[in-house]
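Going by the numbering used here, the sequence shown opens with residue 2, and the numbers climb by one from there.
Backbone N, C-alpha and C define an ideal beta-carbon position, used for all residues, glycine too.
Scroll down for the structure; my scribbles are underneath it.
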Amino acid sequence: MTQYIFVTGGVVSSLGKGIVTASLAAILEARDLRVNILKMDPYINVDPGTMSPFQHGEVFVTADGAETDLDLGHYERFIRGARMSQRNNFTTGSVYDEVIKKERRGDYLGGTVQVIPHVTDEIKRRIHAVGDGFDVVIVEIGGTVGDIESQPFLEAARQLRLEIGARNTLFIHLTLVPRLAMAGEIKTKPTQHSVKELRSIGLQPDVLICRSEEPLGREVRNKIALFTNVEERAVISLEDAPSIYQVPVMLNDQHLDDIVVELLRIECNAADLGEWRRVTDALAHPERRAKIAIVGKYLDMLDAYKSLTEALTHAGIQHRTAISVRYVDAEELEQGGCGALADVHAILVPGGFGERGFEGKVRAACFAREHNVPYLGICYGLHAAVIDFARNVAGLDNAHSTEINPNTRHPVIGLVSEWQDRDGTTEHRNGEEDLGGTMRLGEQRCLLADSSLAAGLYGKASVLERHRHRYEVNNNYVAKLAEHGLVIAGRSDGDDLVEMIELRDNDWFVACQFHPEFNSSPRDSHPLFRGFIAAANRYAARPAASAA
Ligand code: GLN
Numbered sequence: 002m003t004q005y006i007f008v009t010g011g012v013v014s015s016l017g018k019g020i021v022t023a024s025l026a027a028i029l030e031a032r033d034l035r036v037n038i039l040k041m042d043p044y045i046n047v048d049p050g051t052m053s054p055f056q057h058g059e060v061f062v063t064a065d066g067a068e069t070d071l072d073l074g075h076y077e078r079f080i081r082g083a084r085m086s087q088r089n090n091f092t093t094g095s096v097y098d099e100v101i102k103k104e105r106r107g108d109y110l111g112g113t114v115q116v117i118p119h120v121t122d123e124i125k126r127r128i129h130a131v132g133d134g135f136d137v138v139i140v141e142i143g144g145t146v147g148d149i150e151s152q153p154f155l156e157a158a159r160q161l162r163l164e165i166g167a168r169n170t171l172f173i174h175l176t177l178v179p180r181l182a183m184a185g186e187i188k189t190k191p192t193q194h195s196v197k198e199l200r201s202i203g204l205q206p207d208v209l210i211c212r213s214e215e216p217l218g219r220e221v222r223n224k225i226a227l228f229t230n231v232e233e234r235a236v237i238s239l240e241d242a243p244s245i246y247q248v249p250v251m252l253n254d255q256h257l258d259d260i261v262v263e264l265l266r267i268e269c270n271a272a273d274l275g276e277w278r279r280v281t282d283a284l285a286h287p288e289r290r291a292k293i294a295i296v297g298k299y300l301d302m303l304d305a306y307k308s309l310t311e312a313l314t315h316a317g318i319q320h321r322t323a324i325s326v327r328y329v330d331a332e333e334l335e336q337g338g339c340g341a342l343a344d345v346h347a348i349l350v351p352g353g354f355g356e357r358g359f360e361g362k363v364r365a366a367c368f369a370r371e372h373n374v375p376y377l378g379i380c381y382g383l384h385a386a387v388i389d390f391a392r393n394v395a396g397l398d399n400a401h402s403t404e405i406n407p408n409t410r411h412p413v414i415g416l417v418s419e420w421q422d423r424d425g426t427t428e429h430r431n432g433e434e435d436l437g438g439t440m441r442l443g444e445q446r447c448l449l450a451d452s453s454l455a456a457g458l459y460g461k462a463s464v465l466e467r468h469r470h471r472y473e474v475n476n477n478y479v480a481k482l483a484e485h486g487l488v489i490a491g492r493s494d495g496d497d498l499v500e501m502i503e504l505r506d507n508d509w510f511v512a513c514q515f516h517p518e519f520n521s522s523p524r525d526s527h528p529l530f531r532g533f534i535a536a537a538n539r540y541a542a543r544p545a546a547s548a549a
């Protein structure tokens with residue numbers, strides 16, 4: 002029978018519940034258990050796809066094309082045994098959506114539809130749906146205990162514990178134990194209150210994970226144990242860590258996994274965290290440093306670039322390179338020139354939407370091309386590179402993307418429906434006129450060109466990568482661009498869209514239409530990011546650098 006571990010959070014948000022969830026999953030996997038993870042989000046949006054990155058951070062795209070919470074990115078970076086899919090993240094909004102649909106269809110046979118049992122039943126159905134084939138499912142309940150929105154989730158968890166038995170469920174509660182600077186004291190009261198809140202809805206935590214700036218002493222843990230009715234050994238202290246990848250080892254050092262398997266009565270091997278120790282060792286002892294510019298516009302919300310910065314870190318682990326990211330405001334490049342790019346070792350232009358800052362991205366691509374600085378363009382970063390090349394190398398004046406200028410004379414980037422032969426045989430998801438929900442989403446196969454840089458980096462002829470965009474390189478311009486030295490390094494399987502480009506005359510200039518950052522993890526970094534950081538290191542070590 003699949004067993005369920007629920008992870009809740011108390012006192013404040015942003016304590017790192019997602020990291021703790023992912024880390025526990027990693028340790029259990031290292032004990033040879035089959036682990037899946039589910040994130041339940043309390044907001045009313047049906048999915049995070051429409052939420053602004055300014056508010057919610059990155060939208061993580063799963064292989065099956067679901068637009069999900071960024072915590073799913075952490076899950077995939079920490080475990081190998083389960084791929085996240087659209088079933089691994091759902092919101093209150095989607096639950097209500099389903100319940101209301103059923104009600105409209107008459108499925109409830111005229112009954113009064115209520116939170117208990119109808120909404121909670123739907124939640125439980127979805128929790129069970131991810132259990133098949135796994136020993137343990139860790140369910141992260143978004144939000145903070147006490148929030149009005151998360152109550153149905155907690156209630157569903159309570160019911161589930163009753164239904165499948167206490168020994169098949171476990172509750173872990175994450176809280177904050179602050180130190181008050183003026184009193185010089187560590188305060189346990191917020192934790193006590195938060196647990197009280199949980200108990201008032203019928204949930205007694207089995208384990209507490211106490212987030213604090215420094216390790217908590219025995220006395221404090223003792224006090225928390227006494228007031229919260231949790232065993233002292235299960236009051237775990239988790240201080241701020243220099244890297245999130247240290248958390249599995251930190252939790253294992255305090256025997257979290259031993260407590261979990263004991264309470265769930267699972268017989269399994271001890272955890273082998275050798276790979277995680279190698280990751281943290283590489284992070285702690287870098288041999289060089291690479292300065293990478295990320296040219297974007299969500300600079301007040303760096304979570305918008307979560308997978309991206311993690312992917313850079315992973316490549317850094319591989320090359321024993323500490324990555325320092327310089328976030329460069331694309332709009333500033335538009336106004337103030339490219340000074341901010343002058344001393345970086347590589348330039349990354351990530352995905353994005355809309356007009357604001359786009360010309361700055363084109364400038365960044367132009368700067369990288371002209372100065373032979375390693376460039377990695379992702380999605381919008383590919384569009385920027387193609388537009389720069391079209392305008393400034395291929396002589397296509399004012400070339401543009403129809404996303405920004407629908408009337409451009411040279412639509413080198415556009416919707417497939419705008420430039421494809423209407424009687425053509427290729428049918429493509431982007432072919433619809435209505436933009437709502439018409440993104441090219443999820444994993445698709447890309448065929449790599451022989452002897453391209455990309456084929457060398459990947460070491461294979463075709464790869465699966467994830468998409469999230471509407472606009473494509475216009476195939477009608479490809480011949481003209483290629484004439485001037487743009488290499489089409491990858492094409493989509495079947496519908497023959499441009500997936501990757503490289504510049505023949507540059508040392509390392511690569512752009513892709515897909516998002517490789519979603520396929521990177523600390524133990525297996527991504528080939529493109531590995532190549533990018535290697536190029537940054539070569540650039541940093543070039544003879545001209547010492548002369549400068
Ligand atoms: N705005 C571009 C498009 O929709 C690129 C999207 C992205 O970078 N994810 O095609």
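- In this structure, the ligand GLN has no non-hydrogen atom nearer than 7 Å to the beta-carbon of Y376.
- Between F154 and I124, the alpha-carbon positions lie close to 7 Å from each other.
- Proximity of the beta carbon of E186 to the ligand GLN is not indicated: no heavy atom of the ligand is located closer than 7 Å.
- I379 is positioned such that its CB atom lies no closer than 8 Å to that of V363.
- The C-alpha of I38 lies about 7 Å from the C-alpha of Y76.
- A483 and L397 have their alpha carbons spaced roughly 13 Å apart.
- Residue environment: R441 is assigned as buried (16 or more neighbouring CB atoms within 10 Å of its CB, all protein chains considered).
- Using a Cβ-Cβ distance cut-off of 8 Å, the region 69 to 87 and the region 97 to 116 are not in contact, since fewer than three pairs of beta carbons, one from each stretch, lie closer than that value.
- Under a 10 Å Cβ-count criterion, G218 is classified as exposed, with fewer than 16 other Cβ atoms of the shown protein chains found around its own Cβ.
- Within a 10 Å sphere around the beta-carbon of H256 sit fewer than 16 other beta-carbons, which makes this residue exposed.
- Membership of M41 in the beta strand (DSSP E) is indicated by the continuous run V36 to D42.
- Contact annotation: the region 228 to 240 does not touch the region 44 to 62, with fewer than three C-beta pairs closer than 8 Å.
- In the three-state DSSP reduction, L155 falls in the helix class (H, G or I).
- At a cut-off of 7 Å, the beta-carbon of Y299 does not count as near the ligand GLN: no heavy atom of the ligand is closer than that.
- The straight-line gap separating the alpha-carbon atoms of N475 and R543 is approximately 36 Å.
- Look at Q56 here: in three-state DSSP terms it is helix.
- Taking 8 Å as the cut-off, the beta carbon of E150 is found closer than this to the beta carbon of T93.
- Under the 8 Å Cβ criterion, the region 480 to 494 does not count as touching the region 360 to 376, having fewer than three qualifying pairs.
- About 6 Å separates the beta carbon of L73 from that of N89, a gap short enough to meet the 8 Å contact definition.
- Under the Cβ criterion (8 Å, minimum of three pairs), the region 2 to 18 counts as touching the region 126 to 143.
- F530: member of the alpha helix (DSSP H) spanning P528 to A541, first to last residue.
- The DSSP-derived three-state label of M183 is coil.
- Non-local beta-carbon contacts of L449 in its own chain, meaning distances under 8 Å to residues more than five positions away in sequence, involve A455, A456, Y459, K461, A462, S463, V464, A490, G491 and M501 in chain order.
- Here K292 is not near G58, since their CB atoms are 8 Å or more apart.
- In terms of side-chain proximity, the C-beta atom of G58 is found no nearer than 7 Å to any non-hydrogen atom of the ligand GLN.
- Between the alpha carbons of H129 and S402 lies a gap of roughly 45 Å.
- In the structure shown, the three-state DSSP call for P287 is coil.
- In this structure, F515 lies away from A316, with their beta-carbon atoms at least 8 Å apart.
- Out of K103, D133, I318 and G132, the CA that lies nearest to the CA of H119 is found in K103.
- DSSP lists V464 and S493 as the beta-bridge partner residues of C447.
- At least one heavy atom of the ligand GLN lies less than 7 Å from the C-beta of G352.
- Annotation for L161: Y5, K125, I128 and T170 place their beta carbon closer than 7 Å to its own, counting only its chain and skipping 5 residues before and after.
- Closest in C-alpha terms to A157, from the list I202, K197 and I187, comes I202.
- Per DSSP, P249 is not a residue of any beta strand (DSSP E); the alpha helix (DSSP H) it occupies stretches across V248 to D254.
- Spanning the alpha carbons of P43 and A323 requires a straight line of approximately 36 Å.
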